[in-house]
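Colleague: So that you can map any letter, position 104 of the sequence shown is 103 in numbering that gives the first Met the number 0, and since no number is skipped, the others follow by simple counting.
Have a look at this one.
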Amino acid sequence: MRETLVLNASFEPLSTVSLRRAVVLVMQDKAVVEHAHPRLRMRAAAVEVPVPRVIRLSRYVRVPFRRRAPWSRRGVLVRDQHRCAYCGRRATTVDHVVPRSRGGGDNWLNTVACCAEDNHRKADRTPEQAGMRLLRRPFEPTPADAMLSALGASVREELPDWLALPA
């Protein structure tokens with residue numbers, strides 16, 4: 000489970016890592032804890048470490064510029080907060096606004112989270128042909144926003160105010 004956010008030395012989000020990996024980075028002095036769980040601590044024979052939610056690397060890591068967030072089904076569900084774009088209920092699938100059979104691709108602007116019933120009802124048609132209306136337009140998140148969104152609601156609620164996503 001990836002639930003610890005890793006920031007570069009310049010405070011830009013880099014990735015998410017497991018709790019175990021985050022603790023190892025802190026213990027090796029490769030990172031410092033920027034935000035810890037308010038009540039939980041990890042104990043070993045000779046050390047006690049706060050459970051990190053956000054760590055910052057001690058040294059700057061040069062990362063190739065990523066202009067776009069990589070598309071994924073899980074990313075679409077997270078972006079749309081697991082809400083169906085047609086009815087607003089819990090979404091379990093991804094729907095292509097323009098079906099793949101009609102030239103629509105797997106990209107951020109052509110896919111939305113969808114419940115199974117609406118996905119089946121829409122079938123191999125566009126929303127206009129199926130008489131369905133999108134509640135919100137699909138958009139392409141920035142790489143940093145996609146990474147922060149992927150942390151999950153429970154972890155995002157515990158992030159410091161200076162790092163939280165706008166609602």
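Just so you know, even glycine gets a beta-carbon here, dropped at the ideal spot from N, CA and C.
Fair warning: this is a prediction, and the values are worked out from it, not measured in the lab.
In chain order, which continuous runs of the alpha helix (DSSP H) of length 4 or greater are located wholly inside the stretch 106–144?
Modeller: 115–121 and 126–129
Colleague: To the nearest angstrom, how far is it from the Cα of residue 17 to the Cα of residue 129?
Modeller: Reading the sequence shown from its first residue, position 18 is the one you call residue 17. Reading the sequence shown from its first residue, position 130 is the one you call residue 129. So the alpha carbons of these two residues sit roughly 43 Å apart.
Colleague: Could you name the residues of the same chain whose beta carbon sits closer than 7 Å to that of residue 105, not counting the 5 residues immediately before and after it, in chain order?
Modeller: Counting from 1 along the sequence shown, the entry for residue 105 is found at position 106. So the list reads 70, once near-sequence residues are dropped.
Colleague: Please report the residue range of the alpha helix (DSSP H) in which residue 21 lies.
Modeller: Working through the sequence shown from its first residue, we reach residue 21 at position 22. Note, residue 21: alpha helix (DSSP H), 18–26.
Colleague: Is the distance from the Cβ of residue 52 to the Cβ of residue 8 below 9 Å?
Modeller: Numbered from its first residue, the sequence shown carries residue 52 at position 53. Numbered from its first residue, the sequence shown carries residue 8 at position 9. No, Cβ-Cβ distance for residue 52 and residue 8 is not below 9 Å.
Colleague: The ligand SAH and residue 38: does any heavy atom of the ligand fall closer than 8 Å to the residue's C-beta?
Modeller: In the structure on display, the ligand SAH does not appear, and there are no ligands present to speak of.
Colleague: Which one or two residues does DSSP pair with residue 71 in a beta bridge?
Modeller: Reading the sequence shown from its first residue, position 72 is the one you call residue 71. DSSP lists no partner for residue 71.
Colleague: DSSP state of residue 181, grouped into three classes?
Modeller: Nothing about residue 181 can be read from this structure; the chain reaches only from 0 to 166.
Colleague: Given this structure, state the Cα-to-Cα distance separating residue 0 from residue 77, to the nearest angstrom.
Modeller: Here residue 0 refers to the residue found at position 1 when the sequence shown is read from its first residue. Here residue 77 refers to the residue found at position 78 when the sequence shown is read from its first residue. In this prediction, residue 0 scores a pLDDT of 46, lower than 50, which makes its location untrustworthy; the coordinate-derived value is nonetheless stated afterwards. Those two C-alpha atoms are separated by around 16 Å.
Colleague: Have a look at residue 138 and residue 85 and give me their C-alpha separation to the nearest angstrom.
Modeller: Numbered from 1 along the sequence shown, position 139 holds the residue referred to as residue 138. Numbered from 1 along the sequence shown, position 86 holds the residue referred to as residue 85. CA-CA distance, residue 138 to residue 85, rounds to 15 Å.
Colleague: Which class does residue 55 belong to by DSSP, given the choice of helix, strand or coil?
Modeller: As a first step, residue 55 is located in the sequence shown; it is residue number 56 there, counting from the start. For residue 55, the three-state secondary structure derived from DSSP is strand.
Colleague: Does residue 166 come out as helix, strand or coil in the three-state DSSP assignment?
Modeller: The residue labelled residue 166 in the question sits at position 167 within the sequence shown. The pLDDT assigned to residue 166 is 44, lower than 50, so where the model puts this residue is not dependable, and the model offers no usable value.
Colleague: By alpha-carbon positions, which one of 6, 79 and 141 ends up nearest to residue 24?
Modeller: Indexing the sequence shown from 1 puts residue 24 at position 25. Ranking 6, 79 and 141 by Cα distance to residue 24 puts 6 first.
Colleague: I'd like the list of long-range same chain contacts for residue 101, defined as Cβ closer than 8 Å, with 5 residues on each side in sequence excluded.
Modeller: The residue given as residue 101 occupies position 102 in the sequence shown. Closer than 8 Å at the Cβ level, and outside the excluded window around residue 101, lie 123 and 125.
Colleague: Would you list the one or two residues that DSSP bridges to residue 91?
Modeller: Mapped onto the sequence shown, residue 91 falls at position 92. Paired residues: none, contrary to the question.
Colleague: Can you grab the Cα-Cα spacing for the pair residue 109 / residue 117, in whole Å?
Modeller: Your numbering for residue 109 matches position 110 in the sequence shown. Your numbering for residue 117 matches position 118 in the sequence shown. Their Cα atoms are separated by approximately 16 Å.
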